[in-house]
Each structure stands twice: as C-alpha cells, then as structure tokens.
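Colleague:
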Amino acid sequence: MVVKCLKHILVVLFAFFTLVTPSALKAQDAAHTAEVEHHESKEEGLDPAKIIMDHIKDAHEFHFFTIENKENKHESFHATIPLPIILYAPGKGLKIFSSSKFGHEGEEAFEGYKFNEGKDIVAEDGSVVYDFSITKNVVQMIIALLVLVLLLTGVAKKYKTGAGVKSAPKGWQNAIEPVVMFVRDEVAKPNLGGKYQKYLPYLLTVFFFILINNLFGLIPGSANVTGNMAFTVVLGVVSFVVIILSTNKHFWGHIFWFPGVPLLVRIFIMLPVELLGVFTKPFALIVRLFANMVAGHIIILSFISLIFIFGSMSAVAGWGFSPLSVAFAVFIYLIEIMVAFIQAFIFTNLTAVFIGQAFEGAHDDHHDDAHAHHDVATA
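Positions in the sequence shown are counted from 1; adding 73 to them yields this note's numbering.
1) Tell me, to the nearest whole angstrom, how far the beta carbon of His133 is from that of Thr208; I am working on the premise that it is less than 8 Å.
2) Excluding five sequence neighbours on each side, which residues of the same chain lie with their C-beta closer than 6 Å to the C-beta of Phe304?
3) Rounded to a whole number of angstroms, what is the C-alpha to C-alpha distance between Tyr269 and Arg257?
4) Are there 16 or more other CB atoms within 10 angstroms of the CB of Gly244, so buried, or fewer, so exposed?
5) Could you pull out every residue in the same chain whose Cβ sits closer than 8 Å to the Cβ of Lys168, ignoring the five residues on either side in sequence?
6) Going by C-alpha distance, which of Phe175, Ala217, Thr153 and Ala364 is nearest Phe282?
7) Taking DSSP as the reference, what is the three-state secondary structure of Val252?
8) For Phe432, is the classification buried or exposed, using 16 other Cβ atoms within 10 angstroms of its Cβ as the cut-off for buried?
9) Ile466: which of Ile154, Ala261 and Ser375 sits nearest, CA to CA?
10) Counting C-beta neighbours from all protein chains within 10 Å, is the total for Thr353 16 or more, i.e. buried, or is it exposed?
11) Between which two residues does the alpha helix (DSSP H) carrying Gly166 extend?
12) Just the C-alpha distance for Leu291 and Ile410, rounded to the nearest angstrom, thanks.
13) To the nearest angstrom, how far is it from the Cα of Asp127 to the Cα of Val367?
14) What first and last residue would you give for the alpha helix (DSSP H) that runs through Phe383?
15) Just checking my contact of Gln246 with Val228 at CB under 8 Å: how many whole Å lie between their CB atoms?
16) I'd like to check one pair, Ser173 with Leu156: are the Cβ atoms closer than 7 Å?
17) With DSSP collapsed to three states, give me the class of Leu291.
18) In chain order, what residues of the same chain lie with their CB nearer than 7 Å to the CB of Ser295, ignoring the 5 residues before and after it?
19) Tell me whether His323 counts as near the ligand FAD, meaning its Cβ is closer than 6 Å to at least one heavy atom of that ligand.
20) Check this for me: beta carbons of Pro274 and Gly309, under 7 Å apart or not?
21) Quick one: Cα of Val412 to Cα of Pro332, how far?
22) If you scan the stretch 307-331 from start to end, which runs of the alpha helix (DSSP H) of 4 or more residues do you find wholly inside it?
23) Compare the C-alpha of Phe255 against each of Gln430, Phe414 and Gly164 and name the closest.
24) Whole angstroms are fine: how far does the CA of Phe383 sit from the CA of Val253?
25) Unbroken alpha helix (DSSP H) runs of length 4 or more, entirely within the stretch 201-271: which are they?
26) Output the distance between the C-alpha atoms of Ile342 and Gly350, rounded to the nearest integer angstrom.
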C-alpha cells in the first residue's frame, strides 16, 4: 500500500512542478536579449541568427509561416495561433486577453502593458506585474501530458480486460509494452536492484514525458520544449529531490568522513569534491538534455538558412545549393528522431544510476540484489 501511494505521489509531484511554472519557461530568453537587440536594429536583409533564435525560444504564439506584402509590411499575412496573456497587477486587477493585441512582432502596447526588449511583459508606468501567461511551451507540455495520460491509461485498461495477458497485445500495447519492459529490465533492475519497483513509475513517467516532448518538438511550427533550459532545470531539480530522498547514512558518511583517508585530505580535498558531486549529477542531466535538443534544431535551421544566404548573393547559387542543403537538413532531421529516443533513455538511465548510488552501501543491499538477480533470471 505504501509503495502504491509513493508511486502516485511521485507522478503527481512530477506533473505539478513541470506545469505550475509557465512564466519560468521564458528564462532562457533573457540570455539572448543582447543578440535580439542587435538583430532587431537591422531593417533590411536576411538575419539567420534572429530567425533561428525565434524558432527555438519560447513565445506567446505559434507561428507557422508569413506571406509578406513588399509594399506594406504591416499588411503581411501571418499564419499564427495567438495564446492568452494572463496578467495581474496590484491595484489594477487581473487582465486576460489575446497576445495578438500586442501585434505580430510585439511592437504595440495594449491597456498599459507592452513587451520589453527581452520580450517580457511589463507595465508602461513601471509598476509591478505578475505574468501567468500561457506560452507555447506550456501549451505543448499540457498536450504532451494529455497524450501521455490518455495513451498509457488506454493501454492499462486493455490489460485489465485481459488483452495482452490472456491474448496477444493489441494496438498501442505492441509499441508500449517493449519500451516498458526495456526500461524495467535494462534501466531499473540493474541500477536499483530489489528496490526497482519503488522507482519504476517515476522512471517511466520521466522517460515517456521527455520522449513525447522530444518528438513533438520535431514537428514544424511546434515548440522546442526540451530545448528550453527552464524545462530541463525543473526535470533536474525533481530528479535531484528524488535522489536526495533516497540517500542513507552510508551515502552521507562517505561524503563527510571518507574512510581510509588522512584527516587533512578528508577536510580540504575529499569533502569539497564529494559535496560538489552531489550537485553536479543533476546539473549533468540538465545540460545534457538541453544542449543536445537545442543543437539539433540549430543545425537543421542553419542548413535551411544557407539556401537564403546563398540566394541573397546570387539566384543561381541559391538554387544550386538548395538540393544539398535540403538533403543535409533531412539527414539531420532523421538523426534527431533517433536522438529523441536516446536522450530520453540517457536522462532516465542516469537518474536510475544516481538513485542507485544514493542508497548503495546499506546492509540489506546484498539481500535486495539477490532478489533482483532472481527476478531477472525468472523474468
């Protein structure tokens, strides 16, 4: 009963921490403020850096394409889905309106609010504003969560009716069951031993949630959620909490009083290094996922931008380079599909490794490992 309750608590905590921080998902935008300021000053010509950054960062709308009106740019057609702006200001109350009120480029003010140079919403009079707006990263995370819940609950209902137990798996069971068994047998059992069942719900939730968001991010016009530093930070923090809650006295004993080492070495070398290692583990999870998912999108967009760069020099060069550029972009895109699975696996596997390291050294480890080896042998 306790294990079952823990499973539900872990899943609820994971969903809660990843969905209640919509405004935090714009954290990485501030890092690009200087670049955006520089690029926005260019009124003419192709700006590949701005185009790439606009595609991979968070926004208040889903933008698919633009049909420019060369005579009047203000009459250009923008195929977008505006998202709701939700603001609260003391003394002014709650304001809810569409992001389209700010204009396509966010250059217009509406009811005393506007975008600042870092694309954050501020009040024109400088008063405090609390931003709870729904950005495209938040929308896509909610969609991914709904897909995850509907997909796995649908598969679970089939098992309850006997499909896949008394008969062959049907539909999505054929795709989901091998993945679940892989995470159980190749990730949870080898790293967590006899305690794998306690952490398996969390590991499966992390794996499928990252995988679904990775795959959604490859759809043209969608948000690159896993390429957002705030998203990976939340995942890393949740994993860090799970790791810390899994520690025992043997884990902390080896950090604060490393056995068999001279006293001065313990205090001035081993203690700082071991304490730093506690925090570098989740940091490695955060940076690895973020860097890999951002890199793939930048490479694909760079190859596409090369067509227009060469085209601005010469029409012949643009058309001549197009087949090569498209071929490389498609090749990287196919690799990114593989990377989507690999990064979900790496994040989940490293989380399991770090959790296993947190409780290793306990007196009952050998007893649990014996049961784990017996389970693997009989599975």
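For glycine and all other residues, C-beta sits at the position ideal for the given N, C-alpha and C.
Modeller: In short, the structure shows the following:
1) 6 Å
2) Val298
3) 8 Å
4) exposed
5) Ile158, Ile159, Leu160, Tyr161, Ala162, Glu184 and Tyr186
6) Ala217
7) helix
8) buried
9) Past the boundaries of the shown model lies residue 466; the chain is included only from 74 to 452, so the question cannot be answered.
10) exposed
11) Looking at the DSSP string, Gly166 is not in any alpha helix (DSSP H); the run it does join, the beta strand (DSSP E), is Gly166 to Ser171.
12) 8 Å
13) 13 Å
14) Leu344 to Met386
15) 5 Å
16) no
17) coil
18) Gln213 and Phe289
19) In the structure on display, the ligand FAD does not appear, and there are no ligands present to speak of.
20) no
21) 41 Å
22) 322-329
23) Phe414
24) 47 Å
25) 209-233, 246-255 and 262-265
26) 12 Å
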